[in-house]
Amino acid sequence: MTSAITDFFRDTEVSPLIVLSIATGLVLLCWQFAFTGLDPREPPEVKASIPFGHHLGMLWYKAEYVTILSRKVKLPIYTIRILGSRMYIIRSPELIQKIFANPKAFTFDTFASTAVGRLLNISGPDMKILLQEPGPENRPSYSYDNHNITHATLTPSTALSQLNDSFQTRLAKSFNAIDPAGTVVYLHQWSRDVVTHAACAAILGPDNPYEDDPSLIKALWDFETDLVLLILRILPSVTASKGYQGRARLTSAYLKYHNAGLWKQGSALLQGRRNIGKNHGFTDTQIAEWDLLFTIAAVTNAIPISFWMLSYILADHELASSVREELKSIVRIKVVDGVSTCEIDPVLIRGHCPLLVSIWEELLRFTSQPTLGRYVTSDTIINNEYLLKAGSVVQIPTGITHSDSSFWGSDASILNPRRFLKKDEKLSKEDREEKKLQSRAFTPFGGGKNLCPGRHAAANETLSFVSMMIYAFSIENKDGTQFKVIEAAPRAFGASVPKAEKDVEVVIKLREELRGVKLAFATGRE
177 MTSAITDFFR
187 DTEVSPLIVL
197 SIATGLVLLC
207 WQFAFTGLDP
217 REPPEVKASI
227 PFGHHLGMLW
237 YKAEYVTILS
247 RKVKLPIYTI
257 RILGSRMYII
267 RSPELIQKIF
277 ANPKAFTFDT
287 FASTAVGRLL
297 NISGPDMKIL
307 LQEPGPENRP
317 SYSYDNHNIT
327 HATLTPSTAL
337 SQLNDSFQTR
347 LAKSFNAIDP
357 AGTVVYLHQW
367 SRDVVTHAAC
377 AAILGPDNPY
387 EDDPSLIKAL
397 WDFETDLVLL
407 ILRILPSVTA
417 SKGYQGRARL
427 TSAYLKYHNA
437 GLWKQGSALL
447 QGRRNIGKNH
457 GFTDTQIAEW
467 DLLFTIAAVT
477 NAIPISFWML
487 SYILADHELA
497 SSVREELKSI
507 VRIKVVDGVS
517 TCEIDPVLIR
527 GHCPLLVSIW
537 EELLRFTSQP
547 TLGRYVTSDT
557 IINNEYLLKA
567 GSVVQIPTGI
577 THSDSSFWGS
587 DASILNPRRF
597 LKKDEKLSKE
607 DREEKKLQSR
617 AFTPFGGGKN
627 LCPGRHAAAN
637 ETLSFVSMMI
647 YAFSIENKDG
657 TQFKVIEAAP
667 RAFGASVPKA
677 EKDVEVVIKL
687 REELRGVKLA
697 FATGRE
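Sequential numbering from 177 applies to the sequence shown in my numbering.
#1: Assuming the contact rule is C-beta atoms closer than 8 Å, Ile354 and Ile646 should be a hit. Round their C-beta distance to whole Å, please.
#2: Are the Cβ atoms of Ala395 and Arg425 separated by less than 9 Å?
#3: Only counting the same chain, and skipping five residues up and downstream in sequence, which positions put a Cβ closer than 6 Å to that of His456?
#4: Assuming Leu591 and Glu538 make a contact with CB atoms under 8 Å, what is their CB distance in whole Å?
#5: With respect to the alpha helix (DSSP H) encompassing Gln441, which residues constitute its N-terminal and C-terminal limits?
#6: Taking only three categories from DSSP, how would you classify Gly692?
#7: When you compare the CB positions of Ser640 and Phe697, do they come within less than 9 Å of one another, or not?
#8: For Leu245, which option in Pro227, Val222, Ile525 has the closest C-alpha, if you only look at C-alpha atoms?
#9: Return helix, strand or coil for Gln571, following the three-state DSSP convention.
#10: How many Å lie between Val673 and Asn477 at the Cα?
#11: Going by DSSP in three states, Cys518 sits in which element: helix, strand or coil?
#12: Hey, quick one: how far does the beta strand (DSSP E) through Arg257 stretch, first residue to last?
#13: Ignoring anything shorter than 3 residues or poking outside the stretch 657-686, list the beta strand (DSSP E) runs there in chain order.
#14: So what does DSSP say about Gly549, is it helix, strand or coil?
#15: Judging by CA-CA distance, which residue of Leu563, Thr415, Arg500 is the nearest neighbour of Leu214?
#16: Is it true that the CB of Pro219 sits closer than 9 Å to the CB of Tyr254?
#17: Measure how close the beta-carbons of Thr329 and Ala491 come, nearest whole angstrom, since I'm counting them as under 8 Å.
#18: How far does the alpha helix (DSSP H) with Phe483 in it reach, from first residue to last?
#19: Is Ile572 near Ala474, with beta carbons less than 9 Å apart?
#20: Under three-state DSSP, which class holds Ile272?
#21: If you drop the 5 nearest sequence neighbours on each side, which residues of the same chain put their C-beta closer than 7 Å to that of Ala348?
#22: Kindly indicate the opening and closing residues of the beta strand (DSSP E) around Glu652.
#23: Please state the DSSP three-state secondary structure of Lys510.
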């Protein structure tokens, strides 16, 4: 190949500089062409300052690029071009709600189904099942049935209570395994593993692949880290080798779990999803792969939020003391089977621990900043002003609405643990309007039809984990230095919450007054 190029330059006497100039001209021509043909009713377009600048920005800044761009572009909605396709970026809460209110014109399902199809190598007839829309009078389709069982089992119900109980039972097991005199751990990894074990026990049942082989937890997070590269399917065994290998190990383990009939002791959600898959003709392998993806969805954001919430409380001694004092109202010391037990009742947290709940909501505002995506299915005018063309993509960078001082005040850029505390006095008209605007701007779980059905379970996971960690343990840096919140890594594509840039080694000890006491959560309540 090199020889052929050399011969070309020698035989034709064409200067490499001329060829480079021609190539540059073609690139510029393509770049200019990509920005032609917009309807004047479409949102104003924002061009990159250099050719393919938006593409380079996404490669460099990943999921943060749209947020970074929107901080500079002070428009309620605007257009950019990516690979010649339209992308509408919305930063106005009012317009965002218009998108949420019209799920037929602005659908999330196309994104989800396409991503799942590429991750699991689904094609042909199976892909048609996956993409099939409900027919007249909501004639059953896979997506329709799956949506129904997911919402039925994850909204407040007996099924959700059982899921929460299973999570808390497994979580308590990990807490009781800590050496009362002190256990040295890397806090981020340890928190990840503990909450992952509990979440998987809740979904899959006590006899699940992660109990059989704890090393699968690392494989799960390797898979999660490489999700986007695996969706792209560009030499995945090379470009996403850890995730590729992790997926293979996990799929094999999940299939073994299903073949052994262990799914029968899983959650109502898992059993319901399996039955739906069977009714629509999916194989055991496909169902196992689906369960793997659902596990990813269950842990990918709840676990980082749990770590950040714990970290911010630990870094502020006064705040930790206030939270611990507040938790006393939901703690009981009692004797169970002859054993003195310290029991926290998570059901009571929302009613008795307003500071803890405020911290959680503020962490969602401050750290959970998903870029919500929708696919435009038909030409649609929103707010009687902006035309959004079919086949385009809508992106909603919640990092803008979650941090805009016009919604949240002058301290919007910092974490205020008491921001969401309800005021005792009657709110003024201005305060009511501010709260209304904030509620529209606050979308950590999405909105509309696609409001995350797992938000209740996610809240239980985080609040249960953090409440026991703060109440029952002292946690200090191993080297004796003051605990500080560590730096966050850039958010990956598809992630709502960033992971930690590095880990911190700490000593976890049971508090002196609880030595010899078993830790537990109150279960069996709805």
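We put the CB at the ideal spot given by N, CA and C, even for glycine. Quantities reported herein were computed from a predicted structural model and do not represent experimental measurements.
Let me spell this out:
#1: Cβ-Cβ separation between Ile354 and Ile646: approximately 14 Å, too far for a contact (criterion under 8 Å).
#2: Result yes, Cβ atoms of Ala395 and Arg425 sit closer than 9 Å.
#3: Ile305, Tyr318
#4: 6 Å
#5: Premise fails: Gln441 is in no alpha helix (DSSP H) and is neither H nor E.
#6: coil
#7: yes
#8: Val222
#9: strand
#10: 6 Å
#11: Reduced to three states, the DSSP call for Cys518 is strand.
#12: 253-258
#13: 681-686
#14: strand
#15: Looking at the Cα atoms, Leu563 is the closest of the given residues.
#16: yes
#17: Wrong, their Cβ atoms sit about 36 Å apart, outside the cutoff.
#18: 478-490
#19: no
#20: Correct three-state label for Ile272: helix.
#21: Leu695, Ala696, Phe697
#22: 649-653
#23: strand
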